[in-house]
Every structure is written in structure tokens, then in C-alpha cells.
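K.L.:
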Amino acid sequence: MTGWLRRLLGRDRPTAAPADDGSAAAAAHVREGNNLLGSGRLEDAAGCYRLAIKAAPHHAVAHVNLGFVLLEMNRASESLPVLRRATELAADSADAHYLLGTALQKAQQSAAAVPAFERALTLKADFVVAHRDLAKALHDIGQHVRAKAVLKTAVAIDRRLPDLHLFLGNIALHEMELDAALDSYDRVLEIEPNHAVALSNKAQALLQLSDFDGAAVAAHRAITIDPSLHFARSNLLMTLSGDGHTSPQAYLAEARRYGEMVTPAKPPLVPQRSADSPAPARPLRIGFVSADLHSHPVGFFLEGVLAHWDRGRQMDVIAYSNRAAGDALTGRLKSRFNEWYDISGLDDDTAARKIAADGIDVLIDLSGHTGENRLPVFARRAAPVQASWLGYWASTGVPAMDWLIADPVSIPPEQREFFSESICYLPDTRLCFTTPTGADIPSVAPPPVVARGYVTFGSFQRLTKLHDEVLTLWAKVLHAVPGSRLRLQSKQMQDPMARRQLLERLQRVGVEAARVELAPASARSAYLAAHAEVDILLDTFPHSGATTTCEALWMGVPTVTLAGQTMLARQGASLLGCVGLSDWVARDEAHYVELAVRHAGDVESLVSLRSVLRAQAAASSLFDAQRFTEHLQTALLTMSGRQAARP
1 MTGWLRRLLG RDRPTAAPAD DGSAAAAAHV REGNNLLGSG RLEDAAGCYR
51 LAIKAAPHHA VAHVNLGFVL LEMNRASESL PVLRRATELA ADSADAHYLL
101 GTALQKAQQS AAAVPAFERA LTLKADFVVA HRDLAKALHD IGQHVRAKAV
151 LKTAVAIDRR LPDLHLFLGN IALHEMELDA ALDSYDRVLE IEPNHAVALS
201 NKAQALLQLS DFDGAAVAAH RAITIDPSLH FARSNLLMTL SGDGHTSPQA
251 YLAEARRYGE MVTPAKPPLV PQRSADSPAP ARPLRIGFVS ADLHSHPVGF
301 FLEGVLAHWD RGRQMDVIAY SNRAAGDALT GRLKSRFNEW YDISGLDDDT
351 AARKIAADGI DVLIDLSGHT GENRLPVFAR RAAPVQASWL GYWASTGVPA
401 MDWLIADPVS IPPEQREFFS ESICYLPDTR LCFTTPTGAD IPSVAPPPVV
451 ARGYVTFGSF QRLTKLHDEV LTLWAKVLHA VPGSRLRLQS KQMQDPMARR
501 QLLERLQRVG VEAARVELAP ASARSAYLAA HAEVDILLDT FPHSGATTTC
551 EALWMGVPTV TLAGQTMLAR QGASLLGCVG LSDWVARDEA HYVELAVRHA
601 GDVESLVSLR SVLRAQAAAS SLFDAQRFTE HLQTALLTMS GRQAARP
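Residues in the sequence shown are numbered consecutively from 1, following the numbering used here.
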């Protein structure tokens, strides 16, 4: 028995709802139900409460307690009519309205949960957990400012409740208010020093500030406290994948430890497909699992693929979204899928059972170890064939993940040993960028060096990629190109602490603040227009750009990239090779500086390239969604056994 609602309500019995309606039989059933609930016999307790309701249909306590028990058994939808009736019978019970809000939230109806929580707070203003859960519901529907205000009210009532500070930190992290996020997580740790979730989330905040060492320490400590905290291990793997120091062997070892941890001891839900398994005679069912089916790099790359999906190849596409909220891109993506399911409110076992029951033939993970991933669902083997693609850049470490979809540049054959998955190679590129469209998409502007007389280097990469080695190399470029400037734009730049720390780090490697322009994130059209302020992008390493590189190509801006030794470090080389810019790919750091200096000194070539690069990119495999989708569908047919592999 979880007991979580009982603890939140702060009492040993489910609720102290209004007085008995006078039925002795009903009261006896309720007492028996309470005793059974106390001993963990939830189903039997529910039976007693139902008997009480049968004996006295207007018995408020029986309705409230039955709703509570159903919530304890994760049967939120079943509890809803019971709790709605409870609020009718006990209109002045804060607990009844709170439980209704909880049921609505667990049933993924956060908008409807808001008035229920608000009614509970009208009746009981100091109901701290109702404040907290109202804030969660508001956050779910995108009302982050109100959510923060509600949480601050709750903190004023009881500042010793760790969950309040934790959630305040999470909202601040979501909004890239990194100083506030770290302060909130530290407050949690003052109250509860071994709070593993706070440590894991603190690791995420530190990673946003490029503090790889601090992030690794926090993540390791979280895992030491709670080895079963799978998202803490994912945070650690994210940190190790881009810190520039962890070897591929060490990363894979840690990823395999993650895979062992999330793999249940019980048999898989679905048998793995064997070489002699017959291919299904019906249309293939291809499932996609992601929390990023919105205005996110995954959504941007996926939209063009779905738009060119060849329905004639007998392959249906089914979405399993791990995010309840959406935006305009979510709506467009949803229209491209045959079926769409929200699994954000389902635990791993329930989500895996649903996918297995849906008869998915190939299940594709679009997240890897990024935020809100559902890798534990894949660990349960929800489909006979499972593959990771698009949203991550290294091995998942999950034994039940059969394939990782890549291209020969991003994973050369000699590097396949650093993956727990088999590698499925697409012929040109593992990524295909969706061409930006719309009236607000700006035209290509001339390189600013023409009007300014000096070269502006730039980066639109998030701050997590800008570790000290990157800044040191960029400083060498700036020193080698007299008068040049550096323009950096990302969502982290809206945080004063992040800006201050970045300028201090640049100063330490010899770049004066006067040569640097920092800009926060903006709406996509304004962000694309900002490429008119940059002559050449400088790529990060080992975490090279993907979305930013593609968007820059579309805006006519080339990127100098460094081809490293990992999939993550080679994706820039793969993308530029697709569009015919292999001469912008450096083999080492000295060559990186050499290329940046050479291209910066050839203004005539910069002007010429700027005028043709959009068309050059549009004609390449990187932007040819129809060609890419044909290759992807062929790979999926091969994985499923519907089509023989190419020799």
C-alpha cells in the first residue's frame, strides 16, 4: 500500500468528512473498511465502502473513503464519479474536493483539477498539499507564473515541507532561472540532506551552467542514496556523454549499469523477434515514444518524416506521448499519426502493458537518456523489435533495446563496440531536418561582415555544451582573427548568474567582455532572423550541434565543426558532409582554428556561400524528407522481418 494520500492529508484515516447520515449499517461497514485499509487490504476495504453506499446512498464518508481507496489502487478514472458524488454530499469538505482534484490530475485532466483544488483551498486556506497540487496542475497547463505564486503561498504556511521547495526549483529550472533553482534545491537538502530527487535535479541545474564536475558529483550522490532512481542515472549519463573526459568504454559501462537496474527480473512482456519469426501479414504497427512531440528539436526533425510517410508501404504509425501538454506543432504531428496515446500519467508497467496490448511491431525510442524518457518501458520489452533514434546520441545501455539507428559518419564501423545495441545504418544521414515554413520565416540576409568590417562568430548552442575546453578553443579563434566578435544566444542567457559566470569564464581564457554579445532565447522566427547577426558559427565539442547547425544552414550560415571520436562528436561532420561542406570539418583543434581563420579571411566566399547555401541545403539528403523517409521505412521493414536486409 502506498499510503501517500493518507500521509499528505496528515491523518491515519483517509478523511474526516462530514458526519454520518445516521445509518448504523453503513457506519459499521465504514468502520470495517477503515480497519481493512489500515492493514493494507485495499480491495476488501473498497468492498466495505461499497456496501456502506448500498445501505445508505447519501453516506458522504463512504463515498470519500471509497474514492480514496480507488486512488490508492491507481484507479483514478473509477474514482471520479465516486468523488464527484462525494463533493455533492459533502460540499463543505476540503478533503473531498482535494481528493477529486487529485483524481482528475491522475486521470490527466489537470485543467479540470484546478477548480477542485481551488475549492478545497477556499474551504481550508492553510491546506498545504492542496496548494502544492494546485501548483502542479497549473504547471501542467502552462500557467507557470500562477503555479509559482501558489507555491510561495504554501511555503509561507510551512517552509519545512521539502516538496514545496523541490517543485519551486523544478519550475525555476524549467524557466532557466538557474540561480533560483539551485537555491530551492539547496533548501530541500537543508531540510533533508539525503533527498535523492533534489540531488538529481540539482545535477540538471548545474549541467545547464556547464558545471560538469558538480553535476556528476550531485548525480553520483543521488544514485548512492537511491540506486533505483533511474532518472538520476540518466542525468549522470547525459553529463558523462558531453563532459569531454569520459571515455566511450567508461560511458558504456555506466549505461549498462543503468540497463541492468531498469530491467525487471520477470519475463519480458513480448518475446524478442528472432531471425526465423514470421513477419506479420497485416500492416506493420510502428510505435514512437517521446515527451518531445512539440516545438522541440525532436518535433522539428520528425514532422517532415511523418509528412512524407508512404502509407502504401503498409506501415501504421502510433504515438505514445509522455507529455500531456502540447502546442501548434503537437497538433500538426498528431494529425500525421494513425493513433495517438498519452502515457504521461501511466507508470512503466502499465504503459508497457498497453503498448504490448496494442500489438506494436517496432517500438522506437526518441529520447534516450534525455528528460522525461521512458526507457524503463523499453526495458520491459513492450514490442518484439525496439530501436532508439533521433533524440539521443549514445548507447541507452538497455538490453531490450535491439537497434540504434545511425549513419556511417556518426558511427564508423570501428566504433560499434561502444554500443549495447546493434547499429542500423541509414545510407546518408540519421537525421532529416524539416524545412522551416510560414510567413514569419525570414529570408537569408547578407553576412554582417560586409557592413561592419569585422567578422562575428556565433553560437546558438545551449550553455551545457560550452565547457572550458570549448571556450579556450574559441578564444584562440578570436585572438587569431583581429577585431572579431563573439555572439552567444541560448535560453540560459536569460539567467543573470549564467551570464555573469560565462563572462567570467571567457575572461579567464582571455576574451574581454567588450568582444562578447549575450542574448536570451526568442521566438523561433526572431531566433532565425538573429542569424543575420553572425558570419560563421563555431560548433561545440564533443557535443556538436544538430538542430542549430541545420537551422543555420537554412539561414545561409556555415559552421566550423570538430569531428571527434563519438557519435555525439561526429554529428556535425555528418550534417555538413550531407550539404557539401566537408571543408568546414576540422580533424583536430589546430585544424579547427585554421579553418575558422581561413574562412573568416575570405569575405568574398562568405558572401557567395551565403547566397546559395539555403538552396544547396534544400537539395541535399539532410533536407530531402521524402528520400530520408524511404530509407527509414526500408530499415524498419528489415528490422521487422518484412523485407530482407541489403547485402
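Glycine residues also receive a C-beta, built at the ideal position from the N, C-alpha and C atoms.
Being a predicted model, the structure only gives us computed values, none of them experimental.
Would residue 401 and residue 365 be called neighbours here (beta carbons separated by less than 8 Å)?
P.N.:
Closer than 8 Å, so yes.
K.L.:
What are the boundary residues of the alpha helix (DSSP H) that residue 355 is part of?
P.N.:
Taken as a continuous stretch (DSSP letters only), the alpha helix (DSSP H) holding residue 355 covers 348-357.
K.L.:
For residue 656 and residue 209, which I take to be in contact (beta-carbon distance under 8 Å), what is that distance rounded to the nearest angstrom?
P.N.:
This structure cannot settle anything about residue 656, because the visible part of the chain is limited to 1 through 647.
K.L.:
Tell me the residue span of the beta strand (DSSP E) that contains residue 422.
P.N.:
Start and end: 422-425.
K.L.:
If you run the structure through DSSP and keep just helix, strand and coil, what is residue 200?
P.N.:
Looking at residue 200 - three-state DSSP - the assignment turns out to be helix.
K.L.:
Is the segment 219-229 close to the segment 387-398, with three or more CB pairs under 8 Å?
P.N.:
Counting Cβ pairs under 8 Å, fewer than three are found: no touch.
K.L.:
At a cut of 8 Å, does the segment 573-589 reach the segment 483-501 through at least three beta carbon pairs?
P.N.:
In short, these stretches do not touch, since the Cβ pair count stays below three.
K.L.:
Let me check one thing: in DSSP terms, what residues is residue 639 bridge-paired to?
P.N.:
In the DSSP output, where bridge partners are listed per residue, residue 639 has none listed.
K.L.:
Could you give the uninterrupted runs of the beta strand (DSSP E) lying entirely in the segment 414-481, keeping only those of 3 residues or more?
P.N.:
Runs found: 422-425, 456-459.
K.L.:
With contact counted as at least three CB pairs below 8 Å, one residue from each stretch, are the segment 320-338 and the segment 251-269 in contact?
P.N.:
The segment 320-338, when compared against the segment 251-269, does not touch it at the 8 Å Cβ threshold.
K.L.:
Please name the residue, chosen from 478, 491, 543, that lies closest to residue 516 on a Cα-to-Cα basis.
P.N.:
That would be 478, whose Cα lies nearest to the Cα of residue 516.
K.L.:
Is the segment 597-608 touching the segment 271-289, taking contact as three or more C-beta pairs under 8 Å?
P.N.:
The segment 597-608 is not in contact with the segment 271-289.
K.L.:
Residues in the same chain with beta-carbon distance under 6 Å from residue 32, minus the five sequence neighbours each way, listed in chain order, please.
P.N.:
Only 48 meet the Cβ criterion.
K.L.:
Ignore the nearest five residues each way along the sequence and tell me which others in residue 21's own chain have a CB closer than 8 Å to its CB.
P.N.:
Residue placement at residue 21 is flagged as unreliable, the pLDDT there being 46, under the threshold of 50; a coordinate-derived value is accordingly withheld.
K.L.:
Do residue 379 and residue 269 have their C-beta atoms within less than 8 Å of each other?
P.N.:
No. Outside cutoff.
K.L.:
Residue 551: which of 93, 445, 531 sits nearest, CA to CA?
P.N.:
Checked all of 93, 445, 531; the closest Cα to residue 551 is 531.
K.L.:
First and last residue of the alpha helix (DSSP H) that includes residue 49?
P.N.:
Per DSSP, residue 49 belongs to the alpha helix (DSSP H) from 42-55.
K.L.:
Tell me whether the beta-carbon of residue 243 lies closer than 8 Å to the beta-carbon of residue 288.
P.N.:
Not a contact, by the Cβ cut-off of 8 Å.
K.L.:
Can you find at least 3 beta carbon pairs, one from the segment 520-530 and one from the segment 429-444, that sit closer than 8 Å?
P.N.:
Judged by Cβ distances under 8 Å, the segment 520-530 makes contact with the segment 429-444, as three or more pairs qualify.
K.L.:
Per DSSP, which one or two residues make a beta bridge with residue 287?
P.N.:
318, 363.
K.L.:
Within 10 Å of its beta-carbon, does residue 504 have 16 or more other beta-carbons around it, so buried, or fewer, so exposed?
P.N.:
The residue is exposed, with fewer than 16 neighbouring Cβ atoms inside 10 Å.
K.L.:
For residue 626, does the three-state DSSP call read helix, strand or coil?
P.N.:
Residue state, collapsed to three classes: helix.
K.L.:
Any idea what DSSP makes of residue 406, helix, strand or coil?
P.N.:
Residue 406 falls in the strand class under three-state DSSP.
K.L.:
Keeping to the same chain, check which residues put their C-beta closer than 8 Å to that of residue 133; ignore five residues upstream and five downstream.
P.N.:
Closer than 8 Å at Cβ, skipping near neighbours: 98, 101, 102, 105, 113, 117.
K.L.:
Can you tell me where the alpha helix (DSSP H) holding residue 561 begins and where it ends?
P.N.:
Run containing residue 561: none in the alpha helix (DSSP H); it sits in the beta strand (DSSP E), 559-562.
K.L.:
Per DSSP, which one or two residues make a beta bridge with residue 536?
P.N.:
Partner(s): 457.
K.L.:
Evaluate residue 195 with the Cβ neighbour count: other Cβ atoms within 10 Å of its Cβ, from every protein chain shown; 16 or more gives buried, anything less gives exposed.
P.N.:
Its Cβ being crowded by 16 or more others within 10 Å, residue 195 is buried.
K.L.:
Quick check on the burial criterion: 16 or more other C-beta atoms within 10 angstroms. Buried or exposed for residue 165?
P.N.:
Per the 10 Å Cβ criterion, buried.
K.L.:
Any idea what DSSP makes of residue 118, helix, strand or coil?
P.N.:
Helix, per DSSP.
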